[in-house]
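Have a look at the structure below, then the notes.
Listed below in structure tokens is the structure:
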């Protein structure tokens with residue numbers, strides 16, 4: 092009975108709304124500060140948090156439209172945007188009240204959402220072929236190395252340039268796996284055209300969309316600019332990157348899921 096209730100659209104939307112209301116209520120209760128009209132970084136936090144909320148509702152509702160083997164992929168897409176939306180409410184509040192970069196909240200977000208994005212590669216391939224577990228673990232290892240390298244540099248635990256290099260190595264390892272490794276070979280050999288197209292677009296986002304993050308890191312920590320101007324550039328670049336790398340990434344999954352479902356019906 093409980094399982095059926097959770098599966099219904101009405102219950103899912105109610106749970107989703109209650110979760111967001113709880114999170115946002117706690118944030119707004121913590122401070123009386125108001126977003127200023129000339130605070131463009133704060134405005135970017137707010138706009139993106141709303142886009143993430145809308146995307147989450149869309150992905151969860153669209154689960155009913157696709158075949159069972161694609162439902163998990165859409166669920167993961169919705170979880171990515173949900174986790175990011177909640178963190179964006181908190182990050183916006185940190186910025187508005189203190190004017191400082193919400194590094195801890197951002198990396199907590201990334202430590203959850205970025206591995207989930209890597210899981211999507213594994214899931215779309217698993218929907219059309221048997222995929223070795225090694226593909227999953229190699230993507231996870233590359234992700235963790237990339238994120239840990241970035242965090243210890245931004246948090247000041249390690250020299251920023253050394254941490255930058257470590258993070259880049261993790262990213263390069265991921266690129267190798269999806270372009271020349273086993274994941275790429277399975278896609279080329281077993282996937283139908285729609286999945287191959289989605290896989291290639293996802294690779295494009297991981298290559299060029301994720302490149303925005305090291306660009307933000309570079310402008311934020313390695314240019315010698317003043318802390319204030321660096322924080323502005325860093326946060327705007329990171330925020331714009333999250334739109335592409337979370338929302339657009341999920342829309343690609345949705346498109347291939349709908350396409351494959353409709354092809355199967357025919």
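Residue numbers (my numbering): 92 to 357. Where is the CB? At the ideal position from N, CA and C, for every residue including glycine.
Task: Inter-residue Cα distance where the pair is residue 212 and residue 290 - done: 7 Å
TODO: Pull up the distance between the alpha-carbon of residue 283 and that of residue 184, whole angstroms please.
DONE: 45 Å
Open item on the list: To test your reading of the DSSP string, which unbroken alpha helix (DSSP H) runs of 4 or more residues are found completely within the stretch 252-318?
Closed with: 273-281, 284-295, 303-312
Open item on the list: At the level of alpha carbons, what is the spacing between residue 364 and residue 147?
Closed with: In the structure displayed, the chain extends from 92 to 357; residue 364 sits before or after that span and is not available.
Task: Helix, strand or coil at residue 247 [DSSP, three-state] - done: coil
Open item on the list: Could you compute how far the alpha carbon of residue 272 sits from the alpha carbon of residue 180?
Closed with: 37 Å
- [ ] Would you please state the rounded distance, in angstroms, between the beta carbons of residue 230 and residue 222? I believe it to be under 8 Å.
- [x] In fact, because the Cβ distance is near 11 Å, the residues do not count as touching under 8 Å.
- [ ] Using the Cα positions of residue 248 and residue 200, report the straight-line distance between them to the nearest angstrom.
- [x] 19 Å
Open item on the list: Would residue 210 and residue 286 qualify as a contact pair, given that the criterion is a beta-carbon distance under 8 Å?
Closed with: no
TODO: Leaving aside the five residues before and after residue 334 along the sequence, list all residues of the same chain whose C-beta is less than 7 Å from its C-beta, in chain order.
DONE: 139, 142
Open item on the list: Mapping the DSSP letters down to three states, classify residue 221 as helix, strand or coil.
Closed with: coil
Task: Contacts around residue 169, its chain only, beta-carbon distance under 7 Å, and the 5 residues preceding and following it disregarded - done: 147, 150, 151
- [ ] Name the two residues that bound the continuous alpha helix (DSSP H) containing residue 176.
- [x] 159-189
Open item on the list: With H, G and I counted as helix, E and B as strand and the rest as coil, what does DSSP make of residue 334?
Closed with: helix
- [ ] Below 7 Å CB to CB, which residues in the same chain sit around residue 153 once its five sequence neighbours on both sides are set aside?
- [x] 165, 345
Task: Beta-carbon proximity of residue 191 to residue 330, cut-off 8 Å - done: no
TODO: From the DSSP output, in three-state form, read off residue 356 for me.
DONE: helix
TODO: Go ahead and label residue 337 buried or exposed: buried means 16 or more other beta carbons lie within 10 angstroms of its beta carbon, across all protein chains shown.
DONE: buried
Task: CA nearest to the CA of residue 303, picked from 353, 186, 325 - done: 325
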